[in-house]
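Enquirer: Please read through the structure below; I'll follow up with questions.
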Amino acid sequence: MQSETIMKAVYLTGLRKMELRDAPEPRLSAPQDVLLQVDTLGVCGSDVHYYTQGKIGPQAAPFPLLLGHELAATVLEAGSEVTRLHVGQRVAVDPLIPCGECDQCRTGRKHTCRNQKFLGSSGQPGALSEYLVMPANCCSPVPDSLNDDEAAVVEPLSIGVYAAQMAHRAGLTNGARVGIVGSGPIGLCTLLAVRAQTQATVYVTDLVDHRLAVARACGAAWTGNPLREDVVAGIQHQEPLGLDVVFECAGEQAAIDQGIDLLKPGGALLIIGIPEVERISFNINFIRRNELRIFNVRRQNECVERAIELISSGRVDVGPLVTHHFRLEETARAFELVSTRSDGVVKAIIRIS
């Protein structure tokens with residue numbers, strides 16, 4: 000019998016409580032899996048939901064919880080049936096583990112798999128640890144031109160890429176007028192994805208000024224802070240006919256209302272943000288009269304490799320998003336910083352290996 004080896008991991012043990020602990024090092028148990036050394040990990044807004052609220056939507060945290068799903072890693076060991084990855088290869092990871100057999104998976108909707116697992120959620124351990132086992136199909140090789148920070152940001156960028164793809168189906172074309180309500184990491188990744196793939200004029204709002212500064216650096220044509228101005232009026236002054244598409248990336252009722260108000264008749268609202276409440280509302284008369292369309296965007300739907308391509312080709316620069324670095328033992332500081340949106344933080348990266 001092999002003796003148990005120990006790794007370091009950081010657990011969420013209660014609201015705003017993170018603890019560095021020893022944990023059993025995972026081992027391969029399936030021939031399609033790989034053992035990964037976690038190199039870098041981004042702190043995501045959905046992780047912060049668990050940190051501050053103890054839940055995300057209806058999913059309550061079963062403390063202690065191992066969070067983390069935005070990771071870059073290196074393959075340490077590969078199962079006997081793994082052919083597309085090799086030991087020593089650097090990868091970006093899609094944190095969704097689909098069953099591959101349900102009706103959703105069979106029709107190209109793995110992101111709504113009925114039996115899915117997701118890192119750091121629904122009882123599936125996350126990646127805030129030195130090592131992790133994942134199905135090889137969830138891992139995409141990254142070229143040497145991508146550094147570990149960029150490889151970790153592939154995951155949120157892939158959500159922006161998927162949102163932009165959905166918007167194209169909803170009428171996003173060259174010359175479109177676009178709004179992004181909420182310019183945290185997901186809003187900024189959506190901005191980058193839209194700008195890389197469409198010649199669009201993009202208007203961005205946020206409650207935090209330093210995020211708006213990053214949005215301008217990433218190509219926003221106009222930015223505004225609702226705490227200081229009427230952003231709907233400001234954008235309507237620039238675009239009196241309204242916007243073609245609005246991405247709601249804040250998960251707030253006020254942001255959803257602003258997005259609806261900004262749309263032209265026939266426009267589309269894409270909801271990417273995750274509300275902390277179970278119910279939101281719409282002005283149904285306004286939506287009906289203007290025949291507005293509403294889409295929900297969930298996760299990345301197999302857009303990881305496209306995100307890698309956009310970064311490696313130079314069409315997308317995610318560098319301005321990464322503002323802070325922490326060691327594994329400083330994870331509590333990283334989560335508190337992100338939760339309070341202080342010190343100019345946009346994306347905090349935890350360097351693990």
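Residues 0 to 352 (numbering that gives the first Met the number 0) make up the sequence shown, in order. Ideal placement from N, C-alpha and C gives every residue a C-beta, glycine not left out.
For Ala212 and Glu290, I'd like the C-alpha separation in whole angstroms.
Expert: Their Cα atoms are separated by approximately 34 Å.
Enquirer: Beta-carbon within less than 8 Å of Ala98's beta-carbon, same chain only, minus the 5 sequence neighbours each way: which residues are those?
Expert: What sits at residue 98 in the sequence shown is Cys, not Ala. Closer than 8 Å at Cβ, skipping near neighbours: Cys104, Cys112, Arg113, Asn114, Gln115.
Enquirer: Just verifying my parser: in three-state terms, what is the DSSP assignment at Gln58?
Expert: strand
Enquirer: DSSP three-state label for Ser139, please.
Expert: strand
Enquirer: For Lys232 and Arg176, I'd like the C-alpha separation in whole angstroms.
Expert: Going by the sequence as given, residue 232 is Ala instead of Lys. Rounded to the nearest angstrom, the two C-alpha atoms are 15 Å apart.
Enquirer: Could you give the DSSP three-state label for His367: helix, strand or coil?
Expert: The structure shown has nothing for residue 367, since the chain only spans 0 to 352.
Enquirer: Going by CA-CA distance only, name the one from Cys43, Lys7, Ser28, Leu242 that's closest to Gly119.
Expert: Of all alpha-carbon atoms in Cys43, Lys7, Ser28, Leu242, the one lying nearest the alpha-carbon of Gly119 is that of Cys43.
Enquirer: With a Cβ-Cβ cutoff of 8 Å, do Leu40 and Ile351 count as a contact?
Expert: Yes, the Cβ-Cβ distance between Leu40 and Ile351 is below 8 Å.
Enquirer: To the nearest angstrom, how far is it from the Cα of Met0 to the Cα of Ser28?
Expert: Because Met0 sits at a pLDDT of 43, beneath the cut-off of 50, its placement in the model cannot be relied upon, and the following sentence gives the value as read from the coordinates. A direct Cα-Cα distance of roughly 15 Å separates Met0 from Ser28.
Enquirer: Residues in the same chain with beta-carbon distance under 8 Å from Glu129, minus the five sequence neighbours each way, listed in chain order, please.
Expert: Met6, Lys7, Ala8, Glu24, Gln36, Val37, Leu327, Ile351, Ser352
Enquirer: Taking only three categories from DSSP, how would you classify Ala162?
Expert: The answer is helix: DSSP assigns Ala162 an H, G or I state.
Enquirer: Can you tell me whether DSSP reads His209 as helix, strand or coil?
Expert: In this structure, His209 counts as helix in the three-state DSSP scheme.
Enquirer: Could you tell me which whole beta strand (DSSP E) segments of length 3 or greater appear in the segment 230-290?
Expert: 242-247, 262-270
Enquirer: Suppose the cutoff is 7 Å on Cβ atoms and the five residues either side in sequence are ignored; what does the same chain contact list for Arg215 look like?
Expert: Thr222
Enquirer: What is the C-beta distance between Leu269 and Met165, in whole angstroms, given that I count them as a contact (C-beta under 8 Å)?
Expert: 6 Å
Enquirer: Could you name the residues that DSSP lists as bridge partners for Glu76?
Expert: Leu34
Enquirer: Less than 6 Å between C-beta atoms, sequence neighbours within five positions excluded: which residues of the same chain meet that for Asp21?
Expert: Ile5
Enquirer: By Cβ distance, which residues of its chain are closer than 7 Å to Tyr50, with the 5 residues on each side in sequence left out?
Expert: Leu11, Arg15, Phe334, Ser338
Enquirer: Would you kindly work out how many angstroms separate the C-alpha atoms of Phe246 and Glu3, rounded to a whole number?
Expert: 47 Å
Enquirer: Look up Glu69 in the DSSP assignment and say whether it is helix, strand or coil.
Expert: strand
Enquirer: Once the 5 residues before and after Glu238 are set aside, which same chain residues still bring their CB inside 7 Å of it?
Expert: Arg176
Enquirer: Would you decide whether Leu262 is buried or exposed? Buried here means 16 or more other CB atoms lie within 10 Å of its CB.
Expert: By the C-beta density criterion, Leu262 is buried, having at least 16 other C-beta atoms within 10 angstroms.
Enquirer: Using alpha carbons as the reference points, say which of Arg314, Asp205, Asp143, Ile96 lies closest to Ile179.
Expert: Asp205
Enquirer: Per DSSP, Arg20 is paired with what?
Expert: Ala8
Enquirer: What's the C-alpha gap between Pro142 and Arg227?
Expert: 43 Å
Enquirer: Please identify the residue among Ile307, Asp256, Gly272 whose C-alpha is closest to the C-alpha of Ile283.
Expert: Asp256
Enquirer: At the level of alpha carbons, what is the spacing between Ser79 and His85?
Expert: So the alpha carbons of these two residues sit roughly 11 Å apart.
Enquirer: With H, G and I counted as helix, E and B as strand and the rest as coil, what does DSSP make of Thr204?
Expert: strand
Enquirer: Please go through the same chain and pick out, in chain order, the residues whose beta-carbon is closer than 7 Å to the beta-carbon of Ala220, but skip the five residues on each side of it.
Expert: When the five nearest sequence neighbours on each side are left out, the beta carbons in the same chain lying within less than 7 Å of the beta carbon of Ala220 are those of Thr200, Val201, Tyr202, in order along the chain.
Enquirer: Alpha carbons only, please: which of Val344, Arg332, Leu320 is nearest the one belonging to Glu18?
Expert: Comparing Cα positions, the closest option is Arg332.
Enquirer: State the Cα-Cα distance for the pair Pro274 and Ile310, rounded to the nearest angstrom.
Expert: 29 Å
Enquirer: Where do the ends of the beta strand (DSSP E) carrying Ala389 lie?
Expert: Residue 389 is absent from the model: the chain starts at 0 and stops at 352.
Enquirer: Pick out whichever of Cys138, Glu304, Ala267 has its Cα sitting closest to the Cα of His167.
Expert: With distances taken between Cα atoms, His167 lies closest to Ala267.
Enquirer: If distances are taken between C-alpha atoms only, which option among Gly318, Glu149, Val276 comes closest to Gly56?
Expert: Val276
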